[in-house]
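Here's the structure we're looking at; comments come further down.
In full-length UniProt numbering, the protein residues as written are 1 to 125.
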């Protein structure tokens with residue numbers, strides 16, 4: 001099952017949204033780090049930082065918002081949510097957290113808490 005709807009491309013599950021933003025946040029970190037490397041290690045100036053700085057800032061804010069919303073929808077406990085937020089600070093740590101969350105079932109779309117809360121809208125077989 002794809003996380004994207006065939007016609008709109010909008011991600012329909014909290015897990016899919018979280019995973020996408022976690023990867024994009026890591027990619028924006030790489031862009032910013034490369035921009036900083038070029039700025040401080042070469043004579044090419046700071047264009048990379050000027051481009052990737054605002055991009056990374058916007059994606060960072062999006063990651064925090066998506067994490068807070070997803071944590072509620074996926075039934076994460078307080079510590080899982082805190083670790084997801086802490087993962088946004090070190091470069092590429094959102095990828096590590098996303099892999100851990102996937103492996104441990106934190107990104108399972110249907111869990112006991114979602115069923116109890118009546119959040120299950122439809123299940124594709």
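A virtual CB, placed ideally from N, CA and C, is assigned to each residue, including glycine.
The structure displayed is predicted, hence computed values, not measured ones.
Neighbour-count burial assignment, residue i, 16 or more Cβ in a 10 Å radius
{"i": "residue 101", "result": "buried"}
{"i": "residue 90", "result": "exposed"}
{"i": "residue 41", "result": "exposed"}
{"i": "residue 79", "result": "exposed"}
C-beta atoms of residue i and residue j nearer than 8 Å
{"i": "residue 66", "j": "residue 99", "result": "no"}
{"i": "residue 104", "j": "residue 26", "result": "no"}
{"i": "residue 57", "j": "residue 34", "result": "no"}
Supposed close pair residue i, residue j - CB separation, criterion 8 Å
{"i": "residue 52", "j": "residue 28", "result": "6 Å"}
{"i": "residue 74", "j": "residue 107", "result": "7 Å"}
{"i": "residue 70", "j": "residue 14", "result": "4 Å"}
{"i": "residue 31", "j": "residue 39", "result": "Not quite, the Cβ-Cβ distance comes to about 12 Å (not below 8 Å), so this is no contact."}
{"i": "residue 97", "j": "residue 83", "result": "6 Å"}
Contact test: residue i Cβ vs the ligand GDP heavy atom, cutoff 7 Å
{"i": "residue 41", "result": "Among the components modelled here there is no ligand, and therefore nothing to report on the ligand GDP."}
Answer yes if the segment 55–62 comes into contact with the segment 19–31, meaning at least three C-beta pairs across the two stretches below 8 Å, and no otherwise.
yes
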